[in-house]
Amino acid sequence: MPRTGAFTADGKPKVAVYKFSSCDGCQLAILNLEDQLLDLVGAIEVAYFVEARRRELPPPYAIGLVEGSVSTPEEEERIHKIRRDCDFLVTIGACATSGGIQALRNWADVEEFTRYVYAYPEYIKALDTATPIAAHVFVDFELRGCPVNRFQILELVAATLAGRKPAIPTYSLCIECKRRGVSCRLVSAGKPCLGPVTQAGCGALCPAYNRACYGCFGPMELPNVDSLGERFIGLGYSPAEITRMLRSFNGYVEPFKQASDRYAQRD
């Protein structure tokens, strides 16, 4: 039940946007709504959004949007306060929903990385792993993508205001390719496309430009990653190459992680 303080005096829900370990791309996706952003701001109160404004309103908030993964001790502590402050917590983008590109370090030695990159590694406070927000607190809803689809953010806010579930697809990217009339990159071109196991949401952006899907929206519902991997083997790709394909934007989310670990063992 939303708390009274999560709304302004005129009944607008207070919305907060937070950044964790990320590139800011998903926050920029919100700002790139342009004309629609004006309509959105008219329906809500942007209470906390450092990327967009200086003014801050105190919690509680009706909706919290979180970009980025948990990669530092400070973030690990901070996310619990944010969960307490927000009635409805939503993770936006690959970093927040799966750990993101930075989760590649989960297969390596973080201390070794810091020694190579930083002149004074003793000043770097980092966790051994980069993990999604849901690994630390309960998340009410996830919006995938690298970056997130800005129109899905609009749908999320509209659905929340209307008290309904957001209409976000869970089927594979292949459906979007069919709708756009894009020829199959896997079947027609023999390219290692992750579309058959990737959740729709980008509008088949890469396949429309003759590029195989990178999987930036993460795994679809019930993906058959092993079957697709064997198809890649048949196309001449090695287990090491398949491992690299799966360990990308969403490499640490379970279906991709489990499959990549198996192919890494076969290398």
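Numbering (the numbering used here), first residue to last: 129 to 395.
Built from N, CA and C at the ideal position, the CB exists for glycine as well.
- For Gly192, the enclosing beta strand (DSSP E) stretches over residues 189–195.
- As for any alpha helix (DSSP H) of minimum length 4 sitting wholly inside the stretch 217–245, the runs are 222–226, 238–245, ordered along the chain.
- In the displayed model, Lys209 falls within a helix according to three-state DSSP.
- By the Cβ rule, the stretch 326–336 counts as touching the stretch 285–305, because three or more pairs are nearer than 8 Å.
- Following the DSSP letters along the chain, one finds Leu271 inside the beta strand (DSSP E) bounded by residues 269–271.
- For Glu202, the closest C-alpha among the options Ser149, Ser316, Asp389 is that of Ser149.
- At least 8 Å separates the beta-carbon of Gly346 from that of Ala258.
- Here Asp256 carries a coil assignment [DSSP, helix/strand/coil].
- For Ala175, the enclosing beta strand (DSSP E) stretches over residues 173–177.
- About 4 Å separates the beta carbon of Asp213 from that of Pro187, a gap short enough to meet the 8 Å contact definition.
- Within the stretch 273–332, the runs of alpha helix (DSSP H) that reach at least 4 residues and sit entirely inside it are, in chain order, 278–290, 301–308.
- In this structure, the straight-line span from the alpha carbon of Pro383 to that of Arg394 is close to 17 Å.
- In this model, Gly379 and Asp163 are separated by some 34 Å (Cα to Cα).
- Note on geometry: alpha-carbon atoms of Ile172 and Arg339 lie some 38 Å from one another.
- For Val218, the number of other beta carbons within 10 angstroms of its own is at least 16, and it is reported as buried.
- A straight line joining the alpha-carbon of Ser197 with that of Pro260 spans about 5 Å.
- Just measuring C-alpha positions, the residue of Ala236, Ile210, Ala231 sitting nearest Asp268 is Ile210.
- Rounded to whole angstroms, the separation of the alpha carbons of Gln386 and Ile158 is 32 Å.
- Sequence-distant partners of Val238 (beyond 5 residues in either direction) whose C-beta falls short of 7 Å from its own C-beta, in its chain, are Ala254, Asp256.
- Around the Cβ of Gly357, a 10 Å sphere holds 16 or more other Cβ atoms; the residue is buried.
- Judged by beta-carbon spacing, Lys140 lies beyond the 8 Å limit of Ala134, meaning their Cβ atoms are not closer than that value.
- With respect to the C-alpha of Glu270, the residue from Tyr342, Glu369, Ile191 having the closest C-alpha is Ile191.
- Residue burial is scored here from C-beta neighbours: Leu374 has at least 16 other C-beta atoms within 10 angstroms and is therefore classed as buried.
- Judged by their CB atoms, Ala175 and Tyr189 are nearer to each other than the 8 Å cut-off.
- Distances from the alpha-carbon of Gly170 to those of Leu185, Asp138, Gln155, Lys147 put Asp138 closest.
- In this structure, the beta-carbon distance from Ile207 to His264 falls below 8 Å.
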